Amino acid sequence: MQATAPGFKVNDKIVHTTRGGGYIRSVTTKEVANEAIVCYEIELLLNTSRVFVPKDNLDVADVRLPGSKSENKKAVDILRSRKGRLSNDWKSRVTYLKNRLENATLECYAETVRDLHAGYLDDSISSTERKIYCRAYDLLASEVALIRDCDIRQAQRFIDTQLK
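Written as C-alpha cells, this is what we have:
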C-alpha cells in the first residue's frame, strides 16, 4: 500500500481502500465516548456518502493517496491484457481474489476486474465472485475518476472501453 501524506487539506484527493476514492471535504471534531476526535471528512465518489477518518490515526487508517498517471497507465495495460490463470478450485480462487483485493492497489483492482469480467458478463461466476468483481470495479472506477479528473460515470465508461 502507498504511504499516506502526513496531512491532508480540504479538497485533497484521497482513496479509502475499502470504500473508494473521494475528496477531503472538511476537518471536523467528532465526539466519541466523551472524547473529542479530530477527523477528516471524506466525500466518496461512488455514492456521495461520507466517511470520517481520525486525523491522528492516518498511519493505521485504510487511506492512501490516489495512484499516479503512470500507475493508471499500468492499470490500463492490465485491463487490456489476457486474463490471468485462476485456480479451478472455487475456495482457493475466492481466497486468492479476496487477498488480492486486500492489497488495495490500483494494479490489484485492475487485475481482479480483468480476471472476472468475462464471467461476470456471461453469468458464469459464483455470487461471491460477482460481489468481488463489483467491489473491485467500483474501487477501480473511483480511483480512475480521481486520477483522470472526471466523474464516476466517465471513469466507468473508460474502464469498459479498455476491457473490450
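Sequential numbering of the sequence shown, starting at 30, is according to this note's numbering.
By construction, the Cβ of each residue, glycine as well, lies at the ideal position given by its N, Cα and C atoms.
Being a predicted model, the structure only gives us computed values, none of them experimental.
(1) Output the distance between the C-alpha atoms of THR33 and LEU115, rounded to the nearest integer angstrom.
(2) Need the endpoints of the beta strand (DSSP E) that ILE71 sits in, please.
(3) Quick one: any contact between the region 68-79 and the region 144-157, if contact means 3 or more CB pairs under 8 angstroms?
(4) When you compare the CB positions of VAL173 and ASN76, do they come within less than 8 angstroms of one another, or not?
(5) Just to confirm the assignment: which complete beta strand (DSSP E) runs, minimum length 3, are found wholly within the region 36-111?
(6) For a minimum of 3 consecutive residues, which ranges assigned as the beta strand (DSSP E) are wholly contained in the region 101-171?
(7) Give me the residue from HIS45, TYR138 and ASP189 with the minimum Cα distance to ASP88.
(8) Quick one, which of LYS98, ARG93 and ARG143 has its alpha-carbon nearest ILE132's?
(9) Once DSSP output is grouped into helix, strand and coil, what is the label at ASP189?
(10) Determine the direct distance from the alpha carbon of THR190 to that of GLY49, and round the result to whole angstroms.
(11) Taking C-beta to C-beta, are ARG177 and ALA170 nearer than 8 angstroms?
(12) Closest to ILE53 by C-alpha separation, out of ASN63, VAL82, ALA62 and VAL61, would be which residue?
(13) Within 10 Å of its beta-carbon, does GLY96 have 16 or more other beta-carbons around it, so buried, or fewer, so exposed?
(14) Does the Cβ-Cβ distance between TYR25 and ARG164 come in under 8 angstroms?
(15) Using 8 angstroms as the limit for Cβ to Cβ distance, is GLU64 near chain B?
Checking against the coordinates, here is how it stands:
(1) Your numbering for residue 33 matches position 4 in the sequence shown. Your numbering for residue 115 matches position 86 in the sequence shown. Residue placement at THR33 cannot be trusted, given a pLDDT of 40 that sits under 50; the coordinates are not used to answer.
(2) The sequence position of residue 71 within the sequence shown is 42, counting from 1. From DSSP, the beta strand (DSSP E) with ILE71 extends over 64-73.
(3) no
(4) Your numbering for residue 173 matches position 144 in the sequence shown. Your numbering for residue 76 matches position 47 in the sequence shown. In this structure, ASN76 does not lie closer than 8 angstroms to VAL173 by Cβ.
(5) 42-45, 49-61, 64-73 and 79-83
(6) Whole beta strand (DSSP E) segments, 3+ residues: zero.
(7) Against the sequence shown, residue 88 aligns to sequence position 59. Selected option, being the one with the closest Cα: HIS45.
(8) Taking the sequence shown and counting its residues from 1, the one referred to as residue 132 is at position 103. This sequence places Asn at residue 132; Ile is not what is there. Of LYS98, ARG93 and ARG143, the residue nearest in Cα terms is ARG93.
(9) Along the sequence shown, one-based indexing puts residue 189 at 160. Of the three classes helix, strand and coil, the one that applies to ASP189 here is helix, per DSSP.
(10) As a first step, residue 49 must be located in the sequence shown, where it is residue number 20. As a first step, residue 190 must be located in the sequence shown, where it is residue number 161. Spanning the two alpha carbons is a distance of roughly 21 angstroms.
(11) As a working mapping, residue 177 is identified with position 148 in the sequence shown. As a working mapping, residue 170 is identified with position 141 in the sequence shown. Contact flag unset, no.
(12) Within the sequence shown, the letter at position 24 stands for residue 53. When only C-alpha atoms are compared, the closest one is VAL82.
(13) The residue labelled residue 96 in the question sits at position 67 within the sequence shown. That one is buried.
(14) Any property of residue 25 remains undetermined from this structure, which presents the chain solely from 30 to 193.
(15) The structure shown contains no chain B; it is built from a single protein chain.
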